[in-house]
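A short worksheet on the structure shown next.
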Amino acid sequence: MSTDTPASAPSESTAERYLAVQRSDEFAGLRRALRGFVFPMTVAFFLWYALYVILSAYARGFMGTKLVGNINVALVFGLLQFVSTFVIAWLYSRFANRRIDPVADRIRAEMGEVNHEHGPRG
Numbered sequence: 001m002s003t004d005t006p007a008s009a010p011s012e013s014t015a016e017r018y019l020a021v022q023r024s025d026e027f028a029g030l031r032r033a034l035r036g037f038v039f040p041m042t043v044a045f046f047l048w049y050a051l052y053v054i055l056s057a058y059a060r061g062f063m064g065t066k067l068v069g070n071i072n073v074a075l076v077f078g079l080l081q082f083v084s085t086f087v088i089a090w091l092y093s094r095f096a097n098r099r100i101d102p103v104a105d106r107i108r109a110e111m112g113e114v115n116h117e118h119g120p121r122g
């Protein structure tokens, strides 16, 4: 019989630390900030996409209106779906760089200090 500390002891304290971080005000603020961007942007994009689909199905005359040559409203709306996707990705990147990443880096650094106290991760 050995009296050594079980190998799982550090991971238990690490697990407790992760739970403590999850319950922290800083982490709650991080999640709130992320939801504050993601949920409204998702709803906005879904409504924009639904408008495109509904107009394509029920307003064929409008969507078939030619704007320039053979380019009609439906084609422009379809291309704008791609544009809006890239704009949302760009906005999220800016938002994350300003509001999410600094807090996440701070939390990660605190967790790194705790992990170094218990040895290398594994």
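If you're matching positions, the sequence shown starts at 1 in the UniProt record's numbering and goes up one per residue. Just so you know, even glycine gets a beta-carbon here, dropped at the ideal spot from N, CA and C. None of the values given here were measured: they were computed from a predicted structure.
Asked, Found
"Looking at Gln81 and Tyr49, is the spacing between their C-beta atoms short of 8 Å?", "yes"
"In the segment 40-65, which residue ranges form an unbroken beta strand (DSSP E) of at least 3 residues, counting only runs that do not cross its ends?", "none"
"Is it the case that the segment 30-40 contacts the segment 57-76, given that we only count it when at least three CB pairs across the two stretches are under 8 Å?", "no"
"Keeping to the same chain, check which residues put their C-beta closer than 8 Å to that of Val76; ignore five residues upstream and five downstream.", "Leu67"
"Should Leu30 be labelled buried (16 or more other beta-carbon atoms within 10 Å of its own) or exposed?", "buried"
"Quick check: Ala74 and Ser93, are their CB atoms within less than 8 Å of each other?", "no"
"Sort out for me which residues DSSP pairs Ile71 with in a bridge.", "Val68"
"Indicate the three-state DSSP secondary structure (helix, strand or coil) for Ser24 in the structure shown.", "coil"
"Could you name the residues of the same chain whose beta carbon sits closer than 8 Å to that of Thr65, not counting the 5 residues immediately before and after it, in chain order?", "Asn72 and Val73"
"Would you mind working out which of Ile54, Leu47, Val53 and Glu26 sits nearest Ile100, comparing C-alpha positions?", "Glu26"
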